[in-house]
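Everything on this sheet refers to the single structure shown next.
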Amino acid sequence: MDIISPQLPHITAEPFYRPVRGEHALFEAAFGRQLPVLLKGPTGCGKTRFVEYMAWKLNRPLVTVACHEDLTASDLIGRYLIVGGQTVWMEGPLSAAARHGAICYLDEVVEARKDTMVVIHPLADSRRVLPIEKRGELVHAADGFMLVVSYNPGYQSVLKELKQSTRQRFVALDFDYPAPELEADIVVHETGIDRDTATKLVKFAGMTRNLKGSGLDEGASTRLLVHAGTLIAAGIAPEEACRAAISQAMTDDAEMLSAVQELFSSVF
Amino acid sequence: MAQRELTAAEIAPLLDDWLQVEFTDYALHDQVARIAALGTGDQAFVLDWIRRSAAVNVQLGHMFATQAPRILTEANHRSVEAWILHALDEIDRVGLKSALDVLRDHGRFVASGREHAGGAVYSEFAGVLRNFVHGLSGRVLRLEQDGCADGAYTDSETLFLPAVVADFDDARDNFVLAKLLVTMLWAQTRFGTFACDFASVCARYPDAARALDCFRALETLRLEAAIARELPGIGREARRARALSHSDALTPAWRAWRERLAVPGAGARESLACLDAAYAAALPPAPPFQCALRPDAVAAVQAARIAREKTLLRVKLSELLDDMPPRAERDDSSPRLELRSAAASPDDLPRHDLLVDGNPVPLPDHMAALLTSIQLDFSEIPPEYLQPAGPGDYDAYAAQSLDKGPDDVWSGTYHEDGAIFYPEWDFRRQHFRKNWCVMREIDIAPVHDDFRAQVLQRYPGLARQLRRSFEALRDQDRPERRQVDGNELDLDALVEAHGDAHAGHDMSERLFTRRHRTERDIAVLFMVDMSGSTLGWINDVQRETLLLLSEGLETLGDRYAIYGFSGMTRKKCELYRIKRFEENYDADVQGRISGIRARDYTRMGFAVRHATHLLGQVQARRRLLIVISDGKPDDYTDKYRGPYGIEDTRRALLQAMHAGVRPFCITVDKEARDYLPRLYGAARYTVVDDVARLPYKVADIYRRLTH
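Just so you know, the protein sequences line up as chains A and B, in that order.
If you count by this note's numbering, then the first sequence holds residues 3 to 270, one letter each, in order.
If you count by this note's numbering, then the second sequence holds residues 543 to 1249, one letter each, in order.
Next up, the structure:
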């Protein structure tokens, strides 16, 4: 029977990433010892970029799955399909990564249903196997295979939490927004705006992060700064760019919006 | 009220009754005569408001009865109503004298009404500027309205602002001015005005008040420059405000001082260094955003804060060290603590890195905030602050007064029949005290008034919005895939099943999708702090919140219960039933919500334990315990205050979590960020800075928690 495997793309160009405090060394060590990794941190602080960077550095293909609540075990492992009257086995991203020694990255893993997540358990401990029930097959993960999951502990919903039995299988790396100088570097590099504007954007982001917990769920992420910077580089006035890319993206509350705009105009 | 005009003879007994003439001996002939002379509509209007204001305060009612008939000849009902409502506000906010002043001088009220038209009113700008100032770096500052005459000032934790900012004609200019005031006050705390003892320096001059004025003018220049560097946008607005108010012309001497003070990193000492010369010169024109200095107010707050933060930092350090892995056995010297502080420029607040025996240790957010606050008071972190607290210090922090044992108070006098006993955690013993708390469930006597109608009238928009958004939660339809039957084919499942069949496997029967109304299956218990400190308007807002929330929950269909808690020593722990799970939301429940009153202290552990027990008896997939509180655990002449109470409550919350209950705390205590993380973990609490926003916030939080 035919097996269709998904593409396992290699990352060819070096993604822009600056290690902050040795997270790349930890990741490499975990990779060397075949330990799965959990990335914790607020949204838009560079988790995905870090995984891309490590995949490039370790020269492994990278498969990314964005988790959502309708994600089923078949979506990860694979399913039978019929192509031209023939049955073929369509391999899922997780089993393909395990078989071929790729890095499999499950983004925002809390979004997936808990029963779906259980299928990763045997892959995430010393067994490193993936049972494929329908085919009666036990896939032993290749040497280069690595499981990486990410989640944002800032969610306050009690319905969205990682089960202990899941999270205790991982080496956890804690992420936060980069230090101001580095964050300005990133914004300059990603958007091409001048350093002065980038520094101001970062300062403004710091102000919104001070508001976390007293009105905002999260401050402006590095990703939002990059969005705003991109708009500014495209010729949009900074105030308009920040309103569209940052303020409105963070909150709908009218008072908070005015406060955020006032903060913005105080640094620009 | 009757439709025809009342005669003086009919009016007199009404006024006698409302104004309690029997006790007050008011002579009311004039008032009665003037009211009797009014037309029907005016008469009914005036009488109604006399009755209402007299119910709040008899003197106020009397003053209104005296003034209103005359005022009605020149003003319409709406403006008279605004006037009396303003007086009623004053009595709540400031006191009777101020309220009477408002009624005595109607002309001033009218004039300030005109001011309100173009002016920035505190209640309107406070919401935006509160968030604005939270966004700036440094200590978290509060905003409050203050009627004092000498302008805006701060005690280094709270910014006191005038009720109206109306220096300019244009509304936007006035708002900007309010923002400039807030920024100037923030700059006083941020750029070290209070890090030097300017008051005693000024006191050495022959004219101390003048010296203080000079220092204030110098500081205004210095802070303006610092703001312009740190917040260029605000700097531009400050220059514009100076130009608009014609306060931008300085003499050469003052220009020289301004330049000297504009050097990055210049502190308040620099201003003091200029003081001798400036004292001899004429004062420059004051810009409209110049703020007052109140060294007395600062001193009191600063002293209390310094003591509190020193202990707090040392306790936190000791907690941090306790959490670290134990060191080599033979090494019993205490760990070497070192703080490395680095600032990118002289204006920036330094970032602190803590080194333990030379190794960097990540600082939790609340400790970083604490260090920043200490930094602002001293311009550095004094080395003696880096001593972790020993066991003795912990006790000093705990027991501020302990003159009587808890047992002395109630021994022998309080029956334990019919009570439930709960254990309590003693963190010093590291053990439970068995059957320590004597707990009773007590029904609140319902107060049947028109509380519900009032609240719904007061928040018409919110009530509607709540109902709608809760309905949206309820009606969340989700397509369920792979069902045995349903109204549509699940194409993915069908293809997969067909593939399975071809490959020789059983074909799945789960080939349909069906729309499914999500079962929420949530039980939630709201536990309301009924301690004495909620007395007054916190209590009012709590009641309003509970009522609105209940209205919303009724549309949602989640099972919910409401209990209040309060205690006075371990022998009188009381849980007040407001609504049980199985009870319907009816007039009695509404009456009990209306009847919630502030009681004793905040003994919390027993309440959490009992709530856990109650939740355990409900069949539900998810159980939530939401605590609405205004302060940390506390009790009367009892060691419950401080770490004992916090540790006991924490233990009770851990037990709750083990029992499958998710606790969450909503608090209006501004210091809550110090201890709540310890109680609830980083993401399980929220601090509502503005009590008046509680109804909005609680509903919003509930939606988010269960969505």
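Note that beta-carbon positions come from the ideal geometry of N, C-alpha and C, so glycine has one too.
Across the structure, residue 568 of chain B and residue 625 of chain B are spaced so that their CA atoms are roughly 23 Å apart. Secondary structure of residue 1054 of chain B (DSSP, three-state): strand.
For the region 4-91 of chain A, the full-length beta strand (DSSP E) segments reaching 3 residues or more read 4-6, 39-42, 64-68, 80-85 along the chain.
Residue 776 of chain B belongs to the set of residues whose beta carbon lies under 9 Å from a beta carbon in chain A.
Interface with chain A (9 Å Cβ-Cβ cutoff): residue 676 of chain B is included. For residue 264 of chain A, the C-beta contacts it makes with chain B under 7 Å involve 670, 674, 721, in order along the chain.
Under the DSSP assignment, residue 638 of chain B falls in the alpha helix (DSSP H) whose first and last residues are 638-646. Interface residue (Cβ-Cβ distance to chain A less than 9 Å): residue 886 of chain B is classified as such. The C-beta of residue 257 of chain A comes closer than 9 Å to at least one C-beta of chain B. Look at residue 725 of chain B: its C-beta is under 9 Å from a C-beta on chain A.
For residue 83 of chain A, the nearest CB of chain B lies under 9 Å from its own CB, placing it at the interface with that chain. Residue 74 of chain A has a beta carbon lying within less than 9 Å of a beta carbon in chain B. When beta bridges are read from the DSSP output, residue 1167 of chain B appears opposite B/1067, B/1205. Positions of the alpha helix (DSSP H) runs, each at least 4 residues long and wholly inside the region 808-840 of chain B, are given as 810-822 in order along the chain.
A contact between stretches requires three or more CB pairs, one per stretch, nearer than 8 Å, and the region 691-702 of chain B meets this requirement with the region 831-840 of chain B.
When secondary structure is reduced to three states using DSSP, residue 170 of chain A falls in the coil class, being assigned neither helix nor strand. Taken atom to atom, the span from the alpha-carbon of residue 777 of chain B to that of residue 803 of chain B is near 15 Å. Residue 195 of chain A is not bridged by DSSP to any residue. In this structure, the alpha-carbon of residue 642 of chain B lies about 41 Å from that of residue 1216 of chain B. Contact check for residue 1165 of chain B against residue 964 of chain B fails: the beta carbons are separated by 9 Å or more. Proximity of residue 1040 of chain B to chain A, defined by a Cβ-Cβ separation below 9 Å, is satisfied. Spanning the alpha carbons of residue 616 of chain B and residue 652 of chain B requires a straight line of approximately 11 Å.
Residues of chain B with a Cβ closer than 9 Å to the Cβ of residue 260 of chain A are, in chain order, 669, 670, 673, 674. In the structure shown, the three-state DSSP call for residue 202 of chain A is helix. At least one CB atom of chain A sits nearer than 9 Å to the CB of residue 1231 of chain B. Around the beta-carbon of residue 706 of chain B, 16 or more other beta-carbon atoms lie within 10 Å, marking it buried.
Apart from sequence neighbours up to five positions away, the residues of its chain that approach residue 892 of chain B with a beta-carbon distance below 8 Å are 883, 884, 885, 917, ordered along the chain. The residue among A/19, A/270, A/38 with its C-alpha nearest the C-alpha of residue 152 of chain A is A/38. Rounded to the nearest whole angstrom, the CA to CA distance from residue 609 of chain B to residue 554 of chain B is 17 Å. Secondary structure note for residue 700 of chain B: its beta strand (DSSP E) is the uninterrupted segment 700-703. With a contact defined as Cβ atoms closer than 8 Å, residue 810 of chain B and residue 759 of chain B miss out at about 13 Å. Residue state for residue 1102 of chain B is assigned as strand, using DSSP reduced to three classes.
Annotation: the continuous beta strand (DSSP E) that includes residue 893 of chain B extends over 893-898. Residues are counted here when their Cβ sits less than 7 Å from a Cβ of chain A; for the region 985-1014 of chain B the count is zero. Straight through space, the alpha carbons of residue 1091 of chain B and residue 962 of chain B are spaced by roughly 29 Å. Under the Cβ criterion (8 Å, minimum of three pairs), the region 254-265 of chain A counts as touching the region 660-675 of chain B.
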